[in-house]
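Asks:
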Amino acid sequence: VEALPEKLKRNHPQTIQDAQDRAQAVLAEKDFVEYCIKTAEAFAVTETELSIRTKILPERLKAIIAELVQQDKVLFLDSKLYIHTDTADNVQKQLLNIVSDFHHSKPESPGLTIEQFYEASQLKKDIFDSLLRLLISQGKLIERKHRLALSEHREKFSEDEQKLLQSVESLFADRPFNPPKYEEVIEHTAAAPEKVDKILQILIEQERLVRVAQLQLSGGERAKHKPGFHPDDSAAIGAGLLFHSEAIEQARQILVSFINKEGRLESVKFKYL
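Right, dumping it as structure tokens:
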């Protein structure tokens with residue numbers, strides 16, 4: 030007997046099916062444990078939660094769970110979580126659909142950030158993390174450029190976007206430590222601001238451009254300008270200066286070389302490196 034948070038609809042097909050499944054499962058201890066794992070409210074369940082729901086003592090419950098795991102009916106996730114294989118398959122399909130939908134809506138992007146993926150999943154964090162690791166280990170998802178994508182995904186650009194990407198990246202690469210201002214990028218490419226915004230965002234996602242500093246705007250300035258690039262500051266997206274990734278690596282090598290030679294780096298000397 031379980032207390033339910035809300036009244037069930039007696040004539041609803043799902044309610045009838047669940048009642049039949051439950052009635053069949055309670056006849057055998059192992060079947061009831063499997064049923065409780067399969068119908069866990071948050072998709073996965075801990076041993077403690079399962080012991081309370083099944084009213085089976087922990088030691089006996091461990092043995093039953095071990096048997097279900099051995100029979101490939103239940104998977105052991107991290108953080109002492111157990112999930113039914115049918116549930117895991119269904120939730121993983123939903124997760125893959127989220128990534129697939131993202132690729133369809135943004136074919137030029139390398140993929141979602143983990144934060145975007147987690148928010149879209151609406152799963153508990155520990156369950157999301159465990160299933161994500163499972164999808165990556167199975168090769169269904171890959172992580173590259175700090176983003177998640179389907180293994181078969183390749184970024185797609187129109188011919189015009191490809192030309193604009195090359196033009197903008199070349200501009201930053203040619204000016205490693207004096208990156209162009211936003212208005213210079215527009216002037217150089219003769220492209221509409223919204224197209225330039227999109228291209229710069231793509232280059233950031235591709236890790237060809239790197240944000241390395243925060244712009245300090247007053248409250249009034251922030252109120253006047255929409256999120257994105259500010260035409261009167263050095264090239265920035267959101268609130269960060271942009272440099273080409275090769276410039277960042279070059280600067281790192283200069284710093285390492287100087288510190289190895291001098292033993293330390295003072296802010297005054299850093300300015301003139």
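The working numbering puts the first residue of the sequence shown at 30, with every later residue one more than the last.
Beta carbons are placed, not taken as given, at the ideal position from N, Cα and C, and that holds for glycine.
1) Since residue 124 is in the alpha helix (DSSP H), which residue starts that stretch and which ends it?
2) Under a Cβ-count criterion, where at least 16 other Cβ atoms within 10 Å of its own Cβ denotes burial, should residue 248 be classed as buried or exposed?
3) Taking the C-alpha atoms as reference points, what is the distance between residue 204 and residue 68?
4) Are the beta-carbon atoms belonging to residue 239 and residue 199 less than 8 Å from one another?
5) Provide the residue span of the alpha helix (DSSP H) that contains residue 281, from first to last.
6) With a cut-off of 8 Å on the beta carbons, I'd call residue 141 and residue 128 a contact; round off their distance for me.
7) For a quick check, are the C-beta atoms of residue 194 and residue 232 less than 8 Å apart?
8) Taking its Cβ as the centre, do 16 or more other Cβ atoms sit within 10 Å of residue 103, making it buried, or is it exposed?
9) Check whether the Cβ atoms of residue 143 and residue 73 sit closer than 8 Å, and answer yes or no.
10) Would you kindly work out how many angstroms separate the C-alpha atoms of residue 59 and residue 148, rounded to a whole number?
11) Starting from the C-beta of residue 250, find all residues in its chain whose C-beta is less than 7 Å away, skip the five residues before and the five after it, and write them out in chain order.
12) In this structure, how does DSSP classify residue 237 when only helix, strand and coil are distinguished?
13) Report yes or no: do the region 110-126 and the region 164-184 share at least 3 C-beta pairs separated by less than 8 Å?
14) Between which two residues does the beta strand (DSSP E) holding residue 171 run?
15) If we require 4 or more residues per run, which alpha helix (DSSP H) segments fall completely within the region 157-224?
16) If you measure between the beta carbons of residue 98 and residue 83, is that distance less than 8 Å?
17) Starting from residue 105, follow the beta strand (DSSP E) in both directions and report where the run begins and ends.
18) Compare the Cα-Cα distances from residue 137 to each of 105, 271, 191, 75 and report the closest residue.
19) Specify, as a first and last residue, the run of the beta strand (DSSP E) that residue 73 falls within.
20) Kindly indicate which three-state DSSP category residue 229 falls into: helix, strand or coil?
21) From residue 105 to residue 172, what does the alpha carbon distance come to, in whole angstroms?
22) Using only alpha-carbon positions, find the residue among 186, 276, 161, 133 that is nearest to residue 228.
23) When you compare only the Cα positions, how much space is there between residue 166 and residue 159?
Replies: The answer reads as follows:
1) From DSSP, the alpha helix (DSSP H) with residue 124 extends over 114-134.
2) The pLDDT assigned to residue 248 is 45, lower than 50, so where the model puts this residue is not dependable; a value taken from the coordinates is nonetheless given after this. By the 10 Å Cβ count, residue 248 comes out exposed.
3) Taking the straight line from one Cα to the other gives about 59 Å.
4) Not in contact: residue 239 and residue 199 (Cβ atoms no closer than 8 Å).
5) If you look at residue 281, you'll find it in the alpha helix (DSSP H) that goes 274-291.
6) About 6 Å separates the two Cβ atoms, so the contact holds.
7) Closer than 8 Å, so yes.
8) Classification for residue 103: buried.
9) It is not a contact, given that the beta carbons lie outside the stated cut-off.
10) Taking the straight line from one Cα to the other gives about 35 Å.
11) Because residue 250 sits at a pLDDT of 44, beneath the cut-off of 50, its placement in the model cannot be relied upon, and the following sentence gives the value as read from the coordinates. Shown here for residue 250: not one same chain residue has a beta carbon closer than 7 Å to its own, the five before and five after excluded.
12) Judged by DSSP in its simplified three-state form, residue 237 adopts coil rather than helix or strand.
13) As far as the Cβ criterion goes, the region 110-126 touches the region 164-184, which means the pair count is three or higher.
14) Secondary structure note for residue 171: its beta strand (DSSP E) is the uninterrupted segment 170-173.
15) Secondary structure remark: continuous alpha helix (DSSP H) runs of at least 4 residues inside the region 157-224, in chain order: 188-203, 211-218.
16) No, these two residues do not count as a Cβ contact at 8 Å.
17) Per DSSP, the continuous beta strand (DSSP E) segment holding residue 105 begins and ends at 103-106.
18) The candidate whose alpha carbon is nearest that of residue 137 is 191.
19) Element bounds for residue 73: 73-75.
20) Secondary structure of residue 229 (DSSP, three-state): helix.
21) Going by the C-alpha atoms only, they are around 23 Å apart.
22) If we check each option's Cα against that of residue 228, 186 comes out closest.
23) Using only the alpha carbons, I get a separation of about 11 Å.
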